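Below is one structure, written out as structure tokens, with a few remarks after it.
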Amino acid sequence: MTIDFYKNHSEKNKLDKDLTSVTSMTGELKENCSIIDPVIKIVGNVGTFAAVNYMYIAEFGRYYFINNVISINNDICEVHEHVDVLSTYKDQIRAQNAIVSRQERKWNLYLNDGVFKTYQNPYIITKAFSSGFTSQHFVLTVAGG
Amino acid sequence: MPIPYIPRADFSIYSDDPDTLIKGATNGIDIGPYSDSDPKDYGQWLIMFRYTPKNILPKVFYAKTTPPSNRVNVVVCSNIEDSDSDTYRIMHDLEWETITNPGYRLFTNTITTPYNVGGGVTVYYATPTAASVAHLNPIIPIFDSIGEGLVQANDEGWVYRNPDDPYEFDPDAISYAGGGAGTFNNVSDSIGVPALPTLSAVSAGFVTMYTPTLTQLNNLASFLWTDNVFDPDNFKKLFTDPMECIIGLTIVPVSPSTSGSQSIKVGYVDTGVSASRLSSQYAEVNCGTLQADEFWGSALDYSPFTKIHIYLPYVGMREINADDIMGKTVGVVYHIDLLSGACTAFVTAGGSVLYQFNGQCSINIPMAASNFTEMIHSAISAIGAVAMTASGAGAASSAVDAAAVGTAASMGASAANSAISSKPTFSHSGQMGGSGGMLAVQTPYIIIERPRQCVPSDVNKFEGFPSIINYKLYDLSGYTVVESIHLDGFDCTDTEANEILSLLKGGVIL
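Chains D and R supply the protein sequences, listed in that same order. Numbered according to the working numbering, the first sequence spans residues 2 to 146. Numbered according to the working numbering, the second sequence spans residues 2 to 511.
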């Protein structure tokens, strides 16, 4: 099993992570291991894993967030991970069609989604029509005539 | 003819057990007297069952007591019709077939459990065959009766009642597929400002209207109140009061159309004062247009966020719907009756009349003591009405103000929905008819109250903007919140699929 360790600079909800490769280790699994939330004991001290927060296990075909590193002794650390489904399945995600409720660049502002924020002092403007009543006249009404 | 519905709440035959056709859940059924010798005359009965949507084809059961054994024979069919006491037409596969022995025609029943339903009748329940069970689960009774027994049944006129769910077969309560068959014809007819009326008091010839100048009016007054008793016209005035012939003298804010000048005659008296004669009792004033453009280019330009009032001279302030005029050319046209002073203001949007308001635009000039008294009285009445309206509105406004302060202090930058709806509404004008209207602004205008949006920089990168559009996610970039998606072609675990779904709906950066 080969594990590639990275420093992830991106937000967790980003599909394309900005990664810096730190190191790569090879070994064998000797205990039961989840592919969703693996807990793997790795030879190395805490300092080895201080600079990494992300990893890729080729055999599992998945990227993982490193949630925690527990030092068992000077030579062994227990690394707790959780699968990063967004990066792992980003190609399949992008192949999907979806109804998008909010988007950074593709939007329709005529939808009232209730998220608009407004100040309490609204704009008050007046607009006059081009003309009005401009003259005054007497009108005398008589019967007959 | 529809069969009258007689509810029998205490009667229920149903089954939710696929292995049992009918469970003996009846209690106190009253089907009337029964005669072994003549079931037709004394009480044959039937029970119809409609299958639930679980079954593809609607099918019914028919049960009939058959003398002399009181046995219940059951047939399964798609529809059924009673032709006489012993012959039945059943429909299966959309074909009618006449049968004489329904109990054994389609259903190889085994009469097993007797059940005393009362009235001297014992009902036997049938155990279905394995083949029929597939069509029987669950079954819901449809039943009714009249007089001495249950009658011929068809769907028309029957009311379905399930004791466990009384609304199950209410045709108005059952959800159903439908809709989408609209014409999508959104063509709007343009409602134009009407032409002025052609018939009037002037055209009838009983009334003559003049538009005298101030000098001409002074001359007329001098004539009417002259003291030259040797004037022949004055002699006529001794027999006829010319004032009785003057219907009214008003000031109107419009230039009437005239058709030449002629001497003013009051009754038999020619006053010798010449004035322009009105050619029409009605006049039109076009106040022009203005453009109601969007400011934000968003939902904020429309109600309930944007509020619009329109001031109409001689009418007052009226609220109009921002949705009606936004992005359109708004116009105001008045039609005025110069005889009564009544006016109608047409508010158009996009060339079509959307609003019509009535008002009063003339000032009556008193010509005698009685006229003056009436005018003062009406003026005082109008002022009183306005004062009462204003004081009532003021009291209400004060209360709203007090509430609004607390609300505003706690809200800060608030969601537009709640902020706009919580704003109090104030009256911008009261009665604007008559002399009060002539003292007021003579040009119509609109007051637009639009929200002042609070938009942090790059808010779209943090929250996005509303979209509700179907996209292939490959075509998008940046912050994206998914409303709904079907995850096709994933080779992930179910846990992972659920997490993907949750993350997409919570917002991801593509």
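Glycine included, C-beta positions come from ideal geometry on N, C-alpha and C. Computed from a predicted structure; not experimentally measured.
- Proximity to D324(R) across K13(D), F66(D), Y64(D) and Y111(D) peaks at Y111(D), based on C-alpha coordinates.
- Using a CB distance cut-off of 8 Å, A59(D) does not count as an interface residue toward chain R.
- Neighbours of D114(D) across chain R, judged by C-beta separation under 7 Å: P467.
- For A284(R), the enclosing beta strand (DSSP E) covers residues Y283 to A293.
- Each residue's CA atom was taken as its position, placing V80(D) and L87(D) some 21 Å apart.
- Counting only Cβ-Cβ distances below 8 Å, S485(R) has contacts in chain D at A99 and I100, in chain order.
- Assignment of V456(R) by DSSP, reduced to helix, strand and coil, places it in the coil class.
- Taking a C-beta distance under 8 Å as the contact criterion, N9(D) and Y55(D) qualify as a contact pair.
- If you compare the alpha carbons of I247(R), L339(R), A346(R) and S223(R) with that of G332(R), the shortest gap goes to A346(R).
- Per DSSP, K308(R) lies in no alpha helix (DSSP H) segment; the continuous beta strand (DSSP E) that holds it begins and ends at K308 to L313.
- Residues A293, E320, I321, N322, A323, I326, I447, I448, I449 and E450 of the same chain have their beta carbon placed closer than 8 Å to that of I309(R), with the five preceding and five following residues left out of the count.
- For L225(R), the enclosing alpha helix (DSSP H) covers residues L215 to L225.
- The distance from the Cβ of K42(D) to that of Y472(R) is about 44 Å, inconsistent with a contact at the 8 Å cut-off.
- DSSP, reduced to helix, strand and coil, places L279(R) within a strand of the structure shown.
- In the structure shown, L197(R) adopts coil according to DSSP, grouped into three states.
- Look at P367(R): its C-beta is not under 8 Å from any C-beta on chain D.
- F466(R): member of the beta strand (DSSP E) spanning F466 to K473, first to last residue.
- Per DSSP, the beta bridge partners of M26(D) are I4(D).
- Contact residues of the stretch 116-131 of chain D toward chain R are V116, F117, K118, T119, Y120, Q121, N122, P123, Y124, I125, I126, T127, K128, A129, F130 and S131 (C-beta to C-beta distance below 8 Å).
- Looking at the backbone, the Cα of S299(R) and that of K15(D) are separated by about 29 Å.
- Against chain R, a Cβ distance below 7 Å from Y90(D) picks out F491, C493 and I501.
- By the 16-neighbour rule on beta-carbons within 10 angstroms, T212(R) is buried.
- DSSP, read as helix, strand or coil, puts L87(D) in helix.
- Around D19(D), the same chain offers N9, H10 and S11 as residues with beta carbons nearer than 8 Å, after the five sequence neighbours per side are excluded.
- Under the three-state reduction of DSSP output, I326(R) falls in the helix class.
- Straight-line spacing of the CA atoms in Y64(D) and T307(R) works out to 49 Å.
- Using a CB distance cut-off of 8 Å, V143(D) counts as an interface residue toward chain R.
- Taking CB atoms only, N220(R) has no neighbour in chain D less than 8 Å away.
- In the same chain as L477(R), and ignoring 5 residues on each side of it, the C-beta atoms closer than 7 Å to its own belong to L511, in chain order.
- The three-state reading of DSSP puts V203(R) in helix, counting H, G and I together.
- The C-beta of F139(D) has 16 or more other C-beta atoms within 10 Å across all chains shown, which makes the residue buried.
- Under DSSP, the beta-bridge partners assigned to C344(R) are I337(R) and G360(R).
- Listed in chain order, the non-local C-beta contacts of H83(D) below 8 Å within the same chain comprise I37, D38, Y65, F66 and N68, local neighbours out to five positions each way being set aside.
- Nearest Cα to Y356(R) within the set I192(R), I470(R) and S436(R): I192(R).
- Contact between Q454(R) and P314(R) does not hold, since the beta-carbon distance rounds to 33 Å and is not under 8 Å.
- Put simply, of N359(R), G435(R) and I247(R) the residue whose alpha carbon is nearest the alpha carbon of Y269(R) is I247(R).
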